[in-house]
Amino acid sequence: MTEMPSIDKKKCNRCGLCVSVCGCGAIVMVNNVVTIIETEDCHWCTTCEAVCPTGALTCSFEIVIEESPKTDS
Amino acid sequence: MTINIAFLKLAAYFAVLSNAELDVIKQAFSEKTFQRGEVILWEGEMSDVLFFVAVGAVKIFKTSSQGKEQILSIARPGDALNDISIFDGKTNPVSAQALGPVTIYGIKRERLQIVFQQNPELTLNAIKVLAERTRHLFTLVEDLSFRHVLGRVVKILLTHAGDGGGPVQRLTQQEMAAMAGTAREVVARSLKALEEQGYIRLENHRIVINDKESLQKILTDTI
Ligand code: SF4
Ligand code: SF4
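Line by line, the protein sequences give chains A and B. Oh and the first sequence: position 62 is 62 in the working numbering, straight run, nothing missing. So the mapping is simple: the working numbering equals the position in the second sequence, first residue as 1, plus 1000.
This is the structure in structure tokens:
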């Protein structure tokens, strides 16, 4: 399963901005409802979150610490 | 091409007019469309047409002398793109690029002057619109120029980081902005700066901290 941005349908006002900016075609309007299609092409650019005026669309990050020592020390 | 007054009404500069008044002034406007990635305006160029967004989203950015891009805001339907250069007669302070298919409405400076003369309430309203924008920009300038915001973003990263083992709380850039008390654009820029320094790596839906010590140093230096 590919992870995708998530959408809170209650907050969405169906303005369609996210659909218009997504370059990978992951966000579509189906019967006037914004729908996210799973695709490997989503590179988490977060543009859809940036344009969403209502905060309905979110691209969340997991923050992890990589424990490997620095290579160039 | 017909100008839709519903879109004109979205523009803060004209929202104070009634539908009947908008119907009269709409003849002064023209429409232009742009595809994803097309540049609508370049920083440093002169403008003689006031542009604002009718449909779509537009990236407003500046480019530094080293060619680095700094996103200042996203313009949505109703937002003007070059009001500052139209009003002061100087060059565009920012560039604007279509993030997807975009429809722009434009009105020539001379026609705009006539519309303002015929509808004096527009002038007072324009001052209000510009004042609101100035206030927003002041906050942005403060956050962009002071290191404390970077420190706050680093603190958020360190506090919310997991070791990749168990489930960790996930955060959006919007949430980080709310936590750091700043705008999303400032968080995006801070993350980019940390990535350029090699302290973190932005992967698909993961922020990987690869130099925890340097981040901790930023934290102590900025407190
Ligand atoms: S993160 Fe980017 S690529 Fe992925 S769905 Fe949003 S706009 Fe499309
Ligand atoms: S940009 Fe936000 S509010 Fe508009 S359609 Fe997309 S999810 Fe809904």
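Ideal Cβ placement from N, Cα and C applies to all residues, glycine included. Bear in mind the structure is a predicted one, so any value in this text is a computation, not a measurement.
* Asked: Is it right to say B:Pro-1120 is buried, meaning 16 or more other beta carbons lie within 10 angstroms of its own, or is it exposed?
  -> B:Pro-1120 comes out exposed.
* Cβ-based neighbour list, A:Ile-7, same chain, cut-off 7 Å, excluding 5 preceding and 5 following -> These residues qualify, in order along the chain: Val-34, Ile-36, Ala-56, Leu-57.
* Quick one: which residues of the segment 1172-1204 of chain B get their C-beta closer than 7 Å to a C-beta of chain A? List them in chain order. => Answer in chain order: Thr-1172, Gln-1173, Gln-1174, Arg-1184, Asn-1204.
* Asked: Using 8 Å as the limit for Cβ to Cβ distance, is B:Val-1153 near chain A?
  -> Closer than 8 Å: no.
* Asked: Can you tell me the Cα-Cα spacing of B:Phe-1052 and A:Gly-25, whole angstroms?
  -> Between B:Phe-1052 and A:Gly-25, the C-alpha separation is close to 26 Å.
* Asked: If we count the other Cβ atoms within 10 Å of its Cβ and call it buried at 16 or more, is A:Thr-46 buried or exposed?
  -> Buried is the call here.
* **Closer than 7 Å: A:Leu-17 CB and nearest ligand 2 heavy atom** => Correct: A:Leu-17 has its Cβ closer than 7 Å to ligand 2.
* How would you label B:Phe-1138, buried or exposed, when you count the other beta carbons within 10 angstroms and need 16 or more for buried? -> Within a 10 Å sphere around the beta-carbon of B:Phe-1138 sit fewer than 16 other beta-carbons, which makes this residue exposed.
* What residues in the segment 29-53 of chain A bring their beta carbon closer than 7 Å to a beta carbon of chain E? -> Included in the structure are the protein chains A and B, with no chain E among them.
* Less than 7 Å between the CB of B:Ile-1127 and some heavy atom of ligand 1, yes or no? -> Between ligand 1 and B:Ile-1127, a heavy atom-to-CB distance of less than 7 Å is absent.
* Taking the alpha-carbon positions, what's the B:Ala-1075 to B:Val-1154 distance? -> A straight-line Cα-Cα distance of about 28 Å links B:Ala-1075 and B:Val-1154.
* Sort out for me which residues DSSP pairs B:Tyr-1105 with in a bridge. => B:Glu-1031, B:Phe-1052.
* At 4 residues or longer, and completely inside the segment 16-72 of chain A: list those alpha helix (DSSP H) runs for me, N to C. => 17-21, 47-51, all fully within the segment 16-72 of chain A.
* Report the three-state DSSP secondary structure of B:Val-1187 (helix, strand or coil). => Under the three-state reduction of DSSP, B:Val-1187 is assigned to helix.
* Can you name the start and end residues of the beta strand (DSSP E) that B:Thr-1063 belongs to? -> Its beta strand (DSSP E) spans residues 1058-1063.
* Rounded to whole angstroms, what's the CA-CA distance from B:Ile-1025 to B:Val-1055? Just pull it up for me. => In this structure, the alpha-carbon of B:Ile-1025 lies about 19 Å from that of B:Val-1055.
* Using a Cβ-Cβ cut-off of 8 Å, state whether B:Leu-1140 counts as contacting chain A. => For B:Leu-1140, the nearest beta carbon of chain A is not closer than 8 Å to its own beta carbon.
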